[in-house]
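Notes to accompany the following structure.
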Amino acid sequence: MLAGEESGLFYAERLKAALRQAAVARGEAEPEFRGYGDYGFKTVDLAVMGILPVLKKLFYFLGVARTMKAAIDTWQPDDVVTIDYPGMNLKLAAYAKAKGIPAIHVVCPQVWAWHRGRVPKIAAALSKLLCFFPFEPAIFRGHVADGRFEAKFIGHPLVDIVGEEVARLKSGTGERLAELQAVGERRLVALLPGSRKGEIERIFPRQIAAAKLLNARMSDLFFVVPAASPRARRLIEAELARTPVANLLVVDGHARDVLRAADAAAVASGTATLEAALARVPTALVFATTPTFAWFLRYFVTGVRFAGLANIVWERCAYGGDDPPKRRPGEGPGKGGPMPELLQEEFTPEALAELLGGWLTSPDVRAEAVRRLDETLALFRSDGDALGNAAREILDAKTV
2 MLAGEESGLF YAERLKAALR QAAVARGEAE PEFRGYGDYG FKTVDLAVMG ILPVLKKLFY
62 FLGVARTMKA AIDTWQPDDV VTIDYPGMNL KLAAYAKAKG IPAIHVVCPQ VWAWHRGRVP
122 KIAAALSKLL CFFPFEPAIF RGHVADGRFE AKFIGHPLVD IVGEEVARLK SGTGERLAEL
182 QAVGERRLVA LLPGSRKGEI ERIFPRQIAA AKLLNARMSD LFFVVPAASP RARRLIEAEL
242 ARTPVANLLV VDGHARDVLR AADAAAVASG TATLEAALAR VPTALVFATT PTFAWFLRYF
302 VTGVRFAGLA NIVWERCAYG GDDPPKRRPG EGPGKGGPMP ELLQEEFTPE ALAELLGGWL
362 TSPDVRAEAV RRLDETLALF RSDGDALGNA AREILDAKTV
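Residue numbers (the working numbering): 2 to 401.
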């Protein structure tokens, strides 16, 4: 089971538990697992983004690939399960499939956003592709690779995970984040600036400026920033040392706890935006990158009008999984979806403060935002729980 990033590890640990449970229910032995960590590779070294950073570590990644291929040859696993992290994982999945070992990939690469030409290559590399979004299997229709590939929608695991957390809290068995007691009766605004250094440096200063604008208009606000890691916390606190904000608290992790308690949120583009939707909190998706990378995204990412997962699923399902319509004249890039988006130059403190202020001051505006999120979240559900579905698909995989 190969997961090269923290988000993948999050699903991997839960998928292992689901596989053990499913195997025992079938009267089979509990499965044994191996992954990158068993061969000395650390997630912090594997999780590298961007062309230049990858090129700088090219020989390291070539070594990782050699080691893991040798591990597949030596151990001869019954299945190779790869979770997201497609750059490395799809190469290893293809190697396993070529050796006659079922190769199952969890989390569909975002071919619906750009580079549809990768679809046949992905299908040829895999035995099964387990998709989190309902429109994704249709993209692979017709790419069966001699009957040795299938793509299936299993539902999104976060829907089940967050639902279980909410149920525990309602029953009194779940733990609430103690730091949130400091909020008292004030309205809470969650600020999530991302986890990477570049994200925090470009996004958090604008979130801080918006918080200052809101503090000037309302006297009963409290801002909470969940830091994704100790390193992220240091970067956040360094920015706050330069630009202090009244009524702001930084906590270690627990983003979903903060989002569930929030009255409004500003969240950096990524999986956290889906967590915000699941928390049913009106949310502004925010994103800022370098001008060069922004040009790259606008030029190459042509298959979607939105950056947020909730917005993408909402639009794709509205149009039956086909390519969504082109943007109409005068229509901004993040308009129309259930989660407003402020991207690059549109992401200003004033624009963010206006969005958040609308949800904080108008019950009707807030209720409409929650209603649209609820409608969209229904699209993420499949029959049964997502990881249970994944476990059954993995155990059913046959030698290819």
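Just so it is clear, CB atoms sit at the ideal spot from N, CA and C, and this is done for glycine as well.
Residue burial classification, residue i (beta-carbon count within 10 angstroms, cutoff 16)
{"i": "Ala19", "result": "buried"}
{"i": "Pro364", "result": "exposed"}
{"i": "Ile313", "result": "buried"}
{"i": "Gly101", "result": "exposed"}
{"i": "Ala379", "result": "exposed"}
{"i": "Glu332", "result": "With a pLDDT of only 45 at Glu332, under 50, the local geometry of the prediction cannot be trusted, and no value is derived from it."}
{"i": "Ile52", "result": "exposed"}
{"i": "Arg169", "result": "exposed"}
{"i": "Arg329", "result": "Unreliable positioning characterises Arg329 in this predicted model, as indicated by a pLDDT of 42, which lies under 50. The coordinate reading is nonetheless provided below. Label assigned to Arg329: exposed."}
{"i": "Trp113", "result": "buried"}
{"i": "Asp258", "result": "buried"}
{"i": "Arg67", "result": "exposed"}
{"i": "Tyr40", "result": "exposed"}
{"i": "Glu137", "result": "buried"}
{"i": "Val25", "result": "exposed"}
{"i": "Gly309", "result": "buried"}
{"i": "Gln208", "result": "buried"}
{"i": "Ala71", "result": "exposed"}
{"i": "Arg203", "result": "buried"}
{"i": "Glu394", "result": "buried"}
{"i": "Thr291", "result": "exposed"}
{"i": "Met50", "result": "exposed"}
{"i": "Leu63", "result": "exposed"}
Bridge partners - residue i, DSSP secondary structure assignment
{"i": "Phe224", "result": "Val190, Leu249"}
{"i": "Ala266", "result": "Ala191, Thr284"}
{"i": "Val107", "result": "Ile84, Leu131"}
{"i": "Ala4", "result": "Ile84"}
{"i": "Leu1", "result": "Here the chain comprises residues numbered 2 to 401, so residue 1 is not present and cannot be evaluated."}
{"i": "Lys153", "result": "Leu131"}
Reference residue i; option with closest CA among the options
{"i": "Asp79", "options": "Ala139, Ala30, Lys213", "result": "Ala30"}
{"i": "Leu433", "options": "Val45, Pro138, Pro110, Ala263", "result": "Because residue 433 is not part of the residues shown, which for the chain are 2 to 401, the question remains open."}
{"i": "Val225", "options": "Ala239, Pro194, Arg232, Glu316", "result": "Pro194"}
{"i": "Thr44", "options": "Ala278, Arg27, Val108, Ala13", "result": "Ala13"}
{"i": "Gly9", "options": "Thr83, Phe42, Met219", "result": "Thr83"}
{"i": "Pro32", "options": "Gln22, Tyr40, Gly41, Asp39", "result": "Gln22"}
{"i": "Ala4", "options": "Leu91, Val120, Gly271", "result": "Leu91"}
{"i": "Thr1", "options": "Val108, Lys129, Val55, Leu344", "result": "No statement about residue 1 is possible, as the shown extent of the chain runs from 2 to 401 and does not include it."}
{"i": "Asp397", "options": "Ala278, Lys129, Asp375", "result": "Lys129"}
{"i": "Ser230", "options": "Phe288, His255, Ala247, Arg243", "result": "His255"}
{"i": "Lys122", "options": "Leu16, Arg149, Phe134", "result": "Arg149"}
{"i": "Val1", "options": "Pro245, Ala104, Gly88", "result": "Given that the chain is displayed from residue 2 to residue 401, the structure contains no residue 1 and the question cannot be resolved."}
Beta-carbon gap between residue i and residue j smaller than 8 Å
{"i": "Leu131", "j": "Ile162", "result": "no"}
{"i": "Ile201", "j": "Leu249", "result": "no"}
{"i": "Met340", "j": "Ala368", "result": "no"}
{"i": "Glu351", "j": "Leu214", "result": "yes"}
{"i": "Ala48", "j": "Ala94", "result": "no"}
{"i": "Leu357", "j": "Ala265", "result": "yes"}
{"i": "Leu178", "j": "Leu275", "result": "no"}
{"i": "Asp74", "j": "Glu6", "result": "no"}
{"i": "Leu353", "j": "Val282", "result": "no"}
{"i": "Glu238", "j": "Val246", "result": "no"}
{"i": "Val120", "j": "Ile140", "result": "yes"}
{"i": "Val65", "j": "Phe42", "result": "yes"}
{"i": "Phe307", "j": "Glu342", "result": "yes"}
C-beta neighbour in chain C for residue i, strict 8 Å
{"i": "Ala311", "result": "In the structure shown, chain C does not exist; there is a single protein chain."}
Contained alpha helix (DSSP H) runs [length at least 4] in the stretch 350-386, N- to C-terminal order: Counting only runs of 4 or more, we get 350-362, 364-378.
Uninterrupted alpha helix (DSSP H) stretches inside the stretch 7-31 (no shorter than 4 residues): Qualifying alpha helix (DSSP H) stretches, in chain order: 7-26.
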